[in-house]
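To start, the structure under review is shown below, and the notes come after it.
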Amino acid sequence: MRIATWNVNSLRSRIDRVEALLDRHEIDVLALQETKAREDQLPLMGLEARGYDVAAVGVDQWNGVALISRVGLDDVEVGFPGMPGWGDPVAPEARAIGAICGGVRIWSLYVPNGRKPGDPHYVYKLDWLARLRDAARAWRDTPTALVGDWNICPTDDDVFDVTRFLTSTHVTPPERAAFQAFLDDGWLEVTRAHAPGFTYWDYYRQRFERDRGLKIDFVVATPALAERVTGAFIDREERAGQGASDHAPVVVDLEGRADAT
DNA sequence: ATGGTCGTCATACGA
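Heads up, the first sequence is in the UniProt record's numbering, so the first residue is 1 and it goes up one at a time.
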């Protein structure tokens with residue numbers, strides 16, 4: 001089974017790229033973030049014609065996440081238990097959606113950005129991650145993957161120039177501790193070993209052309225699921241050229257049939 | 001310290 005995660009930065013503006021991505025890599029399950037659309041706005045015909053089911057949540061242009069699967073899409077959950085709310089205009093339910101796809105529970109997650117250390121959004125980010133960790137502890141007995149835009153650079157190597165981030169989010173010790181807490185609970189990040197390099201490049205200043213990016217998109221898996229990972233790659237070509245998202249898709253291959261026990 | 005570029009909706013704001 002092949003799964004992928006991509007911060008698409010508007011699903012409506014890039015639906016053609018999503019369909020091409022699914023075709024190009026024969027993806028079974030695609031988790032999207034920053035869909036920036038309500039469910040009723042989504043153009044789904046091309047996806048359905050390809051045999052995919054879609055579960056999405058979004059409120060106006062804010063955030064939004066989705067799961068696209070051709071190996072089943074069952075027990076859909078919008079938001080995780082205990083997910084903290086932020087209130088208007090940011091809708092908390094638009095940051096997490098989970099479902100069982102091919103026997104694996106997959107969560108598409110859009111971790112809050114945080115804006116600036118000390119900002120209320122930063123406090124919210126840390127609280128959101130702490131509550132996700134709590135909820136995730138109940139999921140460790142079933143094959144589960146927490147995939148998406150974590151908005152954290154776990155190591156200095158995950159930043160093109162960490163000295164430029166001294167007053168920025170994504171690299172602060174509390175954020176890194178929040179990520180590490182999942183690993184301490186037994187979760188494993190399964191893409192790094194197979195797919196080095198960045199997953200996000202700012203639109204400013206030709207950051208992609210100069211490979212000045214961040215590694216912030218991850219697949220965090222339960223141990224049994226991590227053992228099934230046979231490979232992963234970052235589709236850097238998707239980030240090139242006009243009309244690209246500012247993130248590249250991350251693709252992961254899992255051993256075994258979609259319905260394998 | 002500032003500005004640069006996107007997407008969305010409306011010409012401001014979040015990333």
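Ideal Cβ placement from N, Cα and C applies to all residues, glycine included.
task: Kindly indicate which three-state DSSP category L30 falls into: helix, strand or coil?
output: Translated into positions along the first sequence, residue 30 becomes position 30. L30 falls in the strand class under three-state DSSP.
- prompt: So, are the CB atoms of G213 and F160 less than 8 Å apart?
  reply: Position 213 of the first sequence holds residue 213. Position 160 of the first sequence holds residue 160. Yes, Cβ-Cβ distance for G213 and F160 is below 8 Å.
- prompt: Considering only residues of the same chain and omitting the five flanking positions on each side of S10, which have a CB-CB separation below 6 Å?
  reply: Within the first sequence, the letter at position 10 stands for residue 10. Around S10: K36.
task: Quick one: using the 10 Å Cβ neighbour count with 16 as the cut-off for buried, is G98 buried or exposed?
output: Within the first sequence, numbered from 1, the residue matching residue 98 stands at position 98. Buried.
Beta-ladder partner(s) of P74, from DSSP: On the first sequence, residue 74 is found 74 positions in, with the first residue counted as 1. The question names Pro, yet the displayed sequence has Asp at residue 74. Looking at the DSSP assignment, D74 forms a beta bridge with I100.
- prompt: Just checking my contact of T230 with E255 at CB under 8 Å: how many whole Å lie between their CB atoms?
  reply: As a first step, residue 230 must be located in the first sequence, where it is residue number 230. As a first step, residue 255 must be located in the first sequence, where it is residue number 255. Their Cβ separation, rounded to whole angstroms, is 5 Å, which keeps T230 and E255 in contact under 8 Å.
task: With DSSP collapsed to three states, give me the class of V111.
output: Taking the first residue of the first sequence as 1, we reach residue 111 at position 111. DSSP places V111 in coil when its eight states are reduced to three.
task: Within its chain, find whatever has a CB closer than 8 Å to the CB of T142; leave out the 5 residues flanking it on each side and keep chain order.
output: Within the first sequence, the letter at position 142 stands for residue 142. Only R105 and T222 meet the Cβ criterion.
query: Would you report the Cα separation of H170 and M83, rounded to the nearest angstrom?
result: Within the first sequence, the letter at position 170 stands for residue 170. Within the first sequence, the letter at position 83 stands for residue 83. Spanning the two alpha carbons is a distance of roughly 20 Å.
- prompt: Which partner residues does S69 have in the DSSP bridge list?
  reply: As a position in the first sequence, residue 69 is number 69, starting the count at 1. According to DSSP, which records beta bridges pairwise, S69 is partnered with V29 and D53.
query: If we count the other Cβ atoms within 10 Å of its Cβ and call it buried at 16 or more, is D156 buried or exposed?
result: In the first sequence, residue 156 corresponds to position 156, counting from 1. D156 is exposed by the Cβ-count criterion.
- request: Answer yes or no: do G72 and G46 have a C-beta to C-beta separation smaller than 8 Å?
  value: As a first step, residue 72 is located in the first sequence; it is residue number 72 there, counting from the start. As a first step, residue 46 is located in the first sequence; it is residue number 46 there, counting from the start. No, Cβ-Cβ distance for G72 and G46 is not below 8 Å.
- request: Check the DSSP bridge columns for D253 and list the partner residues they point to.
  value: Here residue 253 is taken as the residue at index 253 of the first sequence, counted from 1. Answer is R2 and G231, bridged to D253.
Where the beta strand (DSSP E) containing A145 begins and where it ends: The sequence position of residue 145 within the first sequence is 145, counting from 1. Its beta strand (DSSP E) spans residues T144 to D149.
field: Beta-carbon separation (whole angstroms), Y110 vs E34, contact threshold 8 Å
entry: Taking the first residue of the first sequence as position 1, residue 110 is located at position 110. Taking the first residue of the first sequence as position 1, residue 34 is located at position 34. At roughly 6 Å, the Cβ-Cβ gap stays under 8 Å, so Y110 and E34 are in contact.
Under 8 Å between C-beta atoms of A136 and P81: One-based indexing of the first sequence puts residue 136 at position 136. One-based indexing of the first sequence puts residue 81 at position 81. Cβ atoms of A136 and P81: not closer than 8 Å.
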